[in-house]
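First up is the structure itself, then whatever we jot down about it.
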Amino acid sequence: MNIPNDPAILLSYINTKLRNEFSNLDELCSTLCIKRGELERKLSLIGYVYDEKTNSFK
Numbered sequence: 001m002n003i004p005n006d007p008a009i010l011l012s013y014i015n016t017k018l019r020n021e022f023s024n025l026d027e028l029c030s031t032l033c034i035k036r037g038e039l040e041r042k043l044s045l046i047g048y049v050y051d052e053k054t055n056s057f058k
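Here my numbering is used: position 58 in the sequence shown is 58, and no number is missing along the way.
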């Protein structure tokens with residue numbers, strides 16, 4: 001699946017998906033065929049990390 005390349009847009013896209021459709025990051029990555037490590041690396045470049053408690057990148 002194509003996901004946004006721009007990190008800020010990607011952040012918004014992923015957090016919206018997590019909030020509305022997926023109960024955790026592993027489920028999102030599996031369903032969308034995204035490598036979790038690559039996603040976390042991209043978002044860490046702009047200072048965001050996944051928070052399991054809130055199921056979002058902060």
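Using N, Cα and C, we set each Cβ at its ideal position, and we do this for glycine too.
Owing to the predicted nature of the structure, the values given are computational and were not obtained by experimental measurement.
- Residue 23 sits in coil when the DSSP states are folded into three classes, being neither helix nor strand.
- Secondary-structure assignment with DSSP links residue 50 through a beta bridge to 57.
- Around the beta carbon of residue 14, 16 or more other beta carbons lie within 10 angstroms, which makes this residue buried.
- With a cutoff of 8 Å on beta-carbon distance, residue 18 and residue 48 are scored as not near each other.
- Taking C-alpha positions only, residue 41 is separated from residue 54 by approximately 19 Å.
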